[in-house]
Amino acid sequence: MAPSRTKTIKNKHAANGSGIRGSIKSKNGPQSDGVLKSKKNPNPRVQTTNVKGRPKIAELLKKKKQRVYSAKELGIQDLNMVTPIGVVKPKGKKKGKVFVDDRESMTTILAIVEAQKNGQIESKMIKARQMEEIREARRLEAEAKDAERKEKFDETKDSMRNKRKRYVKPEESDHVDVKDFVASGTNAVMAKKKRVSFA
Amino acid sequence: MRPLTEEETKVVFDKLASYTSDLKSLIAPLDDGDRFVFRLNHARVYYVRLSIANIATSVSRDALLSLGTCLGKLTKTGKFRLHITALPILAEHARYKIWVKENGAQPFLYGSNVVKAHVGRWSEDCPEHSGVVVFNMADIPLGFGVTSRSSAEARRLDPTGIVCFRQADCGEYLRDEDTLFAG
């Protein structure tokens with residue numbers, strides 16, 4: 001590097017605004033405040049090294065700039081911000097509430113709501129009717145089953161009764177054998193069983 | 001005081017539609033060229049003539065206690081609760097009705113649900129969990145509620161079984177006197 005040369009001048013204030021033709025200002029320009037420095041080229045390299053066929057250094061420097069990845073690209077979870085995640089403010093939309101006061105828009109909303117409600121009620125009714133049909137069918141089935149069971153039970157009871165009627169013990173029966181009477185003759189005393197008693 | 005937003009209008013209409021069948025008549029133009037509008041003040045929804053609503057703009061929001069008919073309150077979660085003050089509007093175009101007998105009117109006005117033993121008659125083909133307006137046998141509206149069972153199921157219910165869950169009754173005018181219009 002070349003050493004900087006300094007040069008002192010007398011009455012430097014007079015030189016600035018003097019308007020004298022031969023003064024320092026008129027020769028060196030506005031920045032001369034009494035201290036003169038040798039002029040240096042700020043970037044001499046760039047000017048000198050410009051070979052054809054090779055990329056410029058400035059371009060190389062630009063290219064070397066690292067790519068900045070977004071959090072989405074890296075798969076990093078979103079951090080909490082001032083606005084909660086998921087709440088996206090629509091751009092270009094009017095800020096504040098949108099009021100519904102004209103009759104047309106109110107009628108539109110009303111028609112939508114009424115249609116929805118009617119649909120809901122209709123589906124409820126259909127569902128209720130279907131459920132009612134199912135219940136009725138079940139009830140009839142249960143009744144039929146009950147009747148069948150009752151019939152079966154009655155049949156069993158009857159058969160039991162009939163069986164009892166067929167099996168009659170001779171001792172218990174009211175029917176008295178005619179032979180006994182014949183054997184005993186005119187004495188109508190029933191033949192007694194032999195008994196043994198101890199005194 | 002301000003008009004309702006689209007969302008609020010939807011919620012209010014949805015609730016009204018579960019009790020009334022004819023909503024179009026609510027916003028139909030009147031003979032004198034005026035019409036009814038909905039206004040919101042302190043989370044309460046009012047059903048009021050447009051001319052009166054326009055006049056009421058000269059009253060500050062804090063000073064305005066009530067105007068027109070108070071339909072109900074919008075909760076902070078965005079739902080709408082109907083108040084007993086909306087009964088005349090609901091009763092006029094009621095979708096389903098229940099008439100309670102003399103012995104059932106007092107328990108209902110004291111805040112009880114409607115039991116089957118107290119029902120004089122009810123609308124046919126009424127599905128469960130739908131809004132009903134409760135009348136006495138002289139056709140005077142007493143309040144409104146929600147059916148617990150469909151009319152077919154309710155027929156098989158025992159006399160002490162609840163037919164309608166109470167939502168609001170005229171007894172609230174006395175019981176909730178302090179909070180009904182403000183607070």
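Here the protein sequences line up with chains A and B, keeping their order. Using the UniProt record's numbering, the letters of the first sequence correspond one by one to residues 1 to 199. Using the UniProt record's numbering, the letters of the second sequence correspond one by one to residues 1 to 183. Just so it is clear, CB atoms sit at the ideal spot from N, CA and C, and this is done for glycine as well.
DSSP beta-bridge partners of residue i
{"i": "K97 of chain B", "result": "B:V133"}
{"i": "K73 of chain B", "result": "B:R44, B:R81"}
{"i": "D169 of chain B", "result": "B:G143"}
{"i": "P90 of chain A", "result": "In the DSSP output, where bridge partners are listed per residue, P90 of chain A has none listed."}
{"i": "I109 of chain A", "result": "For I109 of chain A, which the question treats as bridged, DSSP gives no partner whatsoever."}
{"i": "R61 of chain B", "result": "Paired residue(s): none; R61 of chain B is not in a bridge."}
{"i": "T20 of chain B", "result": "B:A94"}
{"i": "I162 of chain B", "result": "B:V115"}
Beta-carbon gap between residue i and residue j smaller than 9 Å
{"i": "G72 of chain B", "j": "V132 of chain B", "result": "no"}
{"i": "I109 of chain A", "j": "K15 of chain B", "result": "no"}
{"i": "P127 of chain B", "j": "F135 of chain B", "result": "no"}
{"i": "H93 of chain B", "j": "S51 of chain B", "result": "no"}
{"i": "F144 of chain B", "j": "L82 of chain B", "result": "yes"}
Where the alpha helix (DSSP H) containing residue i begins and where it ends
{"i": "residue 261 of chain B", "result": "The structure shown does not extend to residue 261 of chain B, since chain B spans only 1 to 183, so no value can be given for it."}
{"i": "K72 of chain A", "result": "71 to 74"}
{"i": "V100 of chain A", "result": "No alpha helix (DSSP H) holds V100 of chain A; DSSP gives it neither H nor E."}
{"i": "E92 of chain B", "result": "87 to 92"}
{"i": "A17 of chain B", "result": "6 to 17"}
{"i": "A154 of chain B", "result": "151 to 155"}
{"i": "N103 of chain B", "result": "102 to 109"}
Among the options, the one whose alpha carbon lies nearest that of residue i
{"i": "I112 of chain B", "options": "B:M1, B:K79, B:E172", "result": "According to the sequence as given, residue 112 of chain B is Ser; it is not Ile. Ranking the options by Cα distance to S112 of chain B, first place goes to B:E172."}
{"i": "G120 of chain B", "options": "B:E128, B:G143, B:K101, B:F108", "result": "B:K101"}
{"i": "R35 of chain B", "options": "B:H83, B:A43, B:Y47", "result": "B:Y47"}
{"i": "R49 of chain B", "options": "B:M137, B:A43, B:T57", "result": "B:T57"}
{"i": "S60 of chain B", "options": "B:V146, B:M1, B:W99", "result": "B:M1"}
{"i": "A128 of chain A", "options": "B:S130, B:A152, B:W122", "result": "B:A152"}
{"i": "I89 of chain B", "options": "B:D158, B:I27, B:A154", "result": "B:I27"}
{"i": "Q116 of chain A", "options": "B:T77, B:D32, B:S18", "result": "B:S18"}
{"i": "L157 of chain B", "options": "B:H118, B:G104, B:M137, B:E6", "result": "B:H118"}
{"i": "F108 of chain B", "options": "B:H93, B:P29, B:C164", "result": "B:C164"}
{"i": "K76 of chain B", "options": "B:E92, B:K97, B:R44", "result": "B:R44"}
{"i": "R155 of chain B", "options": "B:E124, B:K79, B:Q167", "result": "B:E124"}
{"i": "N54 of chain B", "options": "B:P3, B:L87, B:N103, B:A86", "result": "B:P3"}
{"i": "Q130 of chain A", "options": "B:R175, B:S150, B:I140", "result": "B:S150"}
{"i": "K79 of chain B", "options": "B:E8, B:A168, B:L180, B:Q167", "result": "B:E8"}
The beta strand (DSSP E) enclosing residue i, as first and last residue numbers
{"i": "T121 of chain B", "result": "Looking at the sequence itself, residue 121 of chain B is Arg, so the reference to Thr does not match. That run of the beta strand (DSSP E) goes 119 to 122."}
Min CB distance residue i to chain E below 9 Å
{"i": "D125 of chain B", "result": "You won't find chain E in this structure, because its protein chains are A and B."}
Within 7 Å of chain A by C-beta, residues of the segment 6 to 37 of chain B in sequence order:
Answer in chain order: E6, T9, K10, F13, D14, A17, S18, L23, K24, I27, R35, V37.
Give me the subset of the segment 99 to 111 of chain A whose CB atoms are less than 9 Å from a CB atom of chain B, sorted by chain position. F99, V100, D101, R103, S105, M106, T107, I109, L110, A111
Practice item. Determine which residues of the segment 112 to 126 of chain A have a Cβ less than 7 Å from any Cβ of chain B, and write them out in chain order. Key: V113, E114, K117, I121, K124, M125
Checklist entry - What residues in the segment 127 to 138 of chain A bring their beta carbon closer than 7 Å to a beta carbon of chain B? => result A128, E132
*Give, in chain order, every residue of the segment 80 to 101 of chain A whose Cβ lies closer than 8 Å to some Cβ of chain B.*
K97, V98, F99, V100, D101
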